[in-house]
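*Asks:* Residues in the sequence shown are numbered consecutively from 25, following the working numbering. So that we are looking at the same thing, I have put the structure below in structure tokens.
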Amino acid sequence: MTLALPIAEMMKLSWQMGLMVAEAQTVMTLRTLGMMGVLTPHPMENQRMVAEKGRAFAQAAQAATAAAMQGKRPDEVAAAALKPIRRRTRANAARLTRAAKKPRV
25 MTLALPIAEM MKLSWQMGLM VAEAQTVMTL RTLGMMGVLT PHPMENQRMV AEKGRAFAQA
85 AQAATAAAMQ GKRPDEVAAA ALKPIRRRTR ANAARLTRAA KKPRV
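Below, the structure written as structure tokens:
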């Protein structure tokens with residue numbers, strides 16, 4: 025088994041990681057603005073924020089374990105772990121951005 029990592033795959037993984045970081049920052053900013061009263065968040069947003077972490081990280085661990093057990097390269101294992109977390113950050117950023125655009129009553 026060779027551990028040579030293809031440059032294109034590493035670039036793709038780096039890009040996905042960068043997008044996840046940017047989306048996570050957007051989510052943190054919008055949630056903080058909601059907690060400060062600048063935005064009007066959904067009443068269950070804080071509970072959702074806490075509950076989703078466990079599910080996302082459990083899915084990431086399961087995906088990474090499955091990829092590693094299949095003999096995938098390290099970049100493929102990392103990509104498998106990142107996928108469920110990125111899915112959650114992308115969805116949260118989109119949902120919170122839509123909610124922030126609604127007029128405040």
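C-beta atoms are modelled at their ideal positions from N, C-alpha and C, and glycine is treated no differently.
(1) Pair every Cβ in the region 49 to 66 with every Cβ in the region 78 to 85, then say whether three or more of these pairs are closer than 8 Å.
(2) Out of curiosity, what's the CA-to-CA distance linking P127 and L57?
(3) With H, G and I counted as helix, E and B as strand and the rest as coil, what does DSSP make of P127?
(4) Apart from the five residues on each side of it in sequence, which residues of its chain come closer than 6 Å, Cβ to Cβ, to M34?
(5) If distances are taken between C-alpha atoms only, which option among T89, M52, R110 and K96 comes closest to G42?
(6) Alpha carbons only, please: which of A104, S38 and R112 is nearest the one belonging to V74?
(7) Ignore the nearest five residues each way along the sequence and tell me which others in S38's own chain have a CB closer than 6 Å to its CB.
(8) Suppose contacts are defined by Cβ-Cβ distances below 8 Å. Is A105 in contact with A88 by that definition?
*Replies:* Reading it off the structure:
(1) Contact between the region 49 to 66 and the region 78 to 85 is not established, with fewer than three Cβ pairs separated by less than 8 Å.
(2) Counted from its first residue, the sequence shown places residue 127 at position 103. Counted from its first residue, the sequence shown places residue 57 at position 33. Spanning the alpha carbons of P127 and L57 requires a straight line of approximately 15 Å.
(3) Translated into positions along the sequence shown, residue 127 becomes position 103. When DSSP states are grouped into helix, strand and coil, P127 belongs to the coil group.
(4) Taking the sequence shown and counting its residues from 1, the one referred to as residue 34 is at position 10. D99, listed in sequence order.
(5) By 1-based counting over the sequence shown, the position of residue 42 is 18. Out of T89, M52, R110 and K96, R110 has the C-alpha closest to the C-alpha of G42.
(6) Stepping through the sequence shown from its first residue, residue 74 is reached at position 50. Among A104, S38 and R112, the Cα nearest to that of V74 belongs to R112.
(7) Here residue 38 refers to the residue found at position 14 when the sequence shown is read from its first residue. Excluding residues within five positions, none has a Cβ falling inside 6 Å.
(8) As a working note, residue 105 is residue 81 in the sequence shown. As a working note, residue 88 is residue 64 in the sequence shown. Result yes, Cβ atoms of A105 and A88 sit closer than 8 Å.
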